[in-house]
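Heads up: the sequence shown begins at 2 in the working numbering, then just goes up one per residue. Cβ atoms here follow ideal geometry from the backbone N, Cα and C, with glycine treated the same way. Notes for the one structure printed next.
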Amino acid sequence: MSDVCLFEGYVCARVSHVCDHCTQWIMPGTTYIKSVGVADGDFGMFKCHQDCALAAAAVRSYGDYLPEEFIILHNDASCDDEEWMRKDFPAVADRLFGSKEGTTA
Ligand SMILES: [Zn+2]
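Below, the structure is given as structure tokens:
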């Protein structure tokens, strides 16, 4: 298995994209992170909000992950992560867990 990164960088969205971390919209005009590469023989593209990438790095640092494990927030972040994420990455927490303000029970 050999993974090859063909491109990784900051890109300004010209159209809406779905963030692969939080599954919410990346709106046009927003700078996001785009990665293009080959993993296990499959061509793939990954797009995410900048703060989602930072939150994913934090989830990794708090969790018990192998260096080669790739963290996907909507798969790997649990409700245990919600409290610190609301403090450190409030916008990410709102996208992942829903906004606490303005919600009706
Ligand atoms: Zn996101």
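Let me check understanding here. Comparing Cα to Cα, which of the options lies closest to residue i?
i	options	result
K45	K35, H18, S17, A57	Note that residue 45 is Gly in the sequence shown here, rather than Lys. Checked all of K35, H18, S17, A57; the closest Cα to G45 is K35.
C20	R87, C49, C6, K88	C49
H18	V5, D4, F47	F47
A78	L67, G38, A94	A94
Could you give the DSSP three-state label for residue i: helix, strand or coil?
i	result
D81	helix
D43	strand
C53	helix
Y11	strand
Report the rounded CA-to-CA distance for residue i versus residue j, giving the unit in angstroms.
i	j	result
Q51	T32	7 Å
H75	A92	14 Å
V5	A40	7 Å
State yes or no: is the C-beta of residue i within less than 9 Å of the C-beta of residue j?
i	j	result
A56	M86	yes
Suppose the cutoff is 6 Å on Cβ atoms and the five residues either side in sequence are ignored; what does the same chain contact list for residue i look like?
i	result
F90	D52, A56
E70	none
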